[in-house]
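Colleague:
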Amino acid sequence: MIKLFKQRRCAAAVLISLSLSGCIRFDTRMEANGSFEYDQAKSIEKYQTGSLTNDEARNQFDIPALTEKQKVIGNVVNNVDIRPPVQLIPVLEGVMLEANDQYQTKVWFNAFNQDEDMSLKVWNMLQSYLAVNNVEIVSQDETLQQLQTGNIRQETVYGSALNKNRVIKNSSYRFSIEKTADSHSVALNVEALTYSETNDGKKLKVNLIDKNKQNIEIRFVNDLLEYAYEINESEQLKDADSQPLPIKLGFDDNHQTAWVVDADFLQTWHKLPELFNLLSFKKVDADRNLGYYLVKFEQPDDEYWAENNLNPFELDEEEYYIQLGELANGSTSLTWLDADKKSLSNQQVSDIYLSITDQVRHVLLLNDKQTIEF
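With the sequence shown counted from 1, adding 49 to any position gets you the working numbering.
1) So what's Ser100 in DSSP terms, helix, strand or just coil?
2) So, at 8 angstroms on beta carbons, what are the nonlocal neighbours of Gly71 in its own chain, with the 5 sequence-adjacent residues on each side left out?
3) Report the CB separation of Lys155 from Ala241 in whole angstroms; it is logged as a contact under 8 angstroms.
4) Go to Ile401, then tell me how far its alpha helix (DSSP H) extends in each direction, as first and last residue.
5) Between the segment 295-310 and the segment 368-384, do three or more beta carbon pairs fall short of 8 angstroms?
6) Which residue from Arg202, Ile371 and Lys345 puts its Cα closest to that of Asp301?
7) Would you decide whether Leu403 is buried or exposed? Buried here means 16 or more other CB atoms lie within 10 Å of its CB.
8) Put Arg346 into one of helix, strand or coil per three-state DSSP.
9) Identify the residues that DSSP records as bridge partners of Gly208: which are they?
10) Assuming contact is defined by CB atoms lying nearer than 9 angstroms, are Ala160 and Ser234 in contact in what I supplied?
11) In whole angstroms, what is the alpha-carbon distance linking Ser168 and Ile265?
12) For the alpha helix (DSSP H) holding Ala160, just list the boundary residues, first then last.
13) Counting Cβ pairs, one atom from each stretch, are 3 or more of them under 8 angstroms apart for the segment 303-316 and the segment 325-333?
14) In this structure, how does DSSP classify Gln263 when only helix, strand and coil are distinguished?
15) Exposed or buried, which one is Ile186 when buried takes at least 16 other CB atoms within 10 Å?
16) Mind checking which residues open and close the alpha helix (DSSP H) that includes Ala335?
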């Protein structure tokens, strides 16, 4: 009896899940983003729930009548939108959205360096983003720092190869930069002039007013900030490439002997492959999310050590894990492990370190060789 009950309960659960998944078809799941007339929605057919009750089924929706304004805006009541709100994603420090009741999009950029010309910096960032994306400039005033774009076309494909969903957005904007008296903060004013959106060739109904309009503007600002963040990150990595890794012997958070790098995780991760290669470790695998490198040591000949200004060390020609850890003071630890993830001896960790420690403070990694910096 118990086995029979489990089978019936499982079958009922399968029937429910299949009926629910059948209601949410891929070709209709995005209707709410635009032209979906929820007040005209019809109840779906009765669920097939097997032996379970259908007492909760409804044949009608209880929908209140809409006012004329609500019909235009597309809300049941004032400021209600079934779509998730668009929020500013401040990936750059010192960026914030000014709150106001007029749904005006004004984004403030605050300087941390008093000598920094923020208005010029934001203006150049905007122009660079538009140039990279081949956006037509309809009008521009360099003195007043005002700009109006032509059409900006964005195409996004969702889904898998078997069932793709293509969304195309066309928009245009007017921008202006507003300065404060001390010039340490500037605001980028964003105004969407036109906007249209199609989903697999079907034009969606979009009202370019109030919150809908501001959501479109904030999405543009998020794209702009993401672009600026990627540029900053690229410049930081480029600058880090010109500097040697400041390594010393120390301990990780588990009090194991480790290399301690006076640099953050990103810089350390980016520069380690070149250093491992110099020390005759060949990369086998790596996982940035898990923070480890898997390398294999190949014992070089005596000439190699002298040619690369390194002190020789001996190590079995095996695979080794180097586990990275972020320390509380912003530095990065490197813990050396064997193929079984057992810690190498203190002597082994020190020998590898002593191969480079006399040179590392005065050496740049250039052309895969260590050359004395003058």
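All C-beta atoms, glycine included, are put in the ideal place defined by N, C-alpha and C.
Modeller: Answer, in terms of the structure:
1) coil
2) Unreliable positioning characterises Gly71 in this predicted model, as indicated by a pLDDT of 42, which lies under 50. A coordinate reading is not provided.
3) The pair is not a contact, with the Cβ atoms about 13 angstroms apart (cut-off 8 angstroms).
4) Asn395 to Leu403
5) yes
6) Ile371
7) exposed
8) Note on identity: in this sequence residue 346 is Phe, with Arg being the wrong assignment. Residue state, collapsed to three classes: strand.
9) Lys213
10) yes
11) 23 angstroms
12) Element bounds for Ala160: n/a, residue is neither H nor E.
13) no
14) helix
15) exposed
16) Counting along the chain, Ala335 falls outside any alpha helix (DSSP H), though it belongs to the beta strand (DSSP E) covering Phe330 to Asp336.
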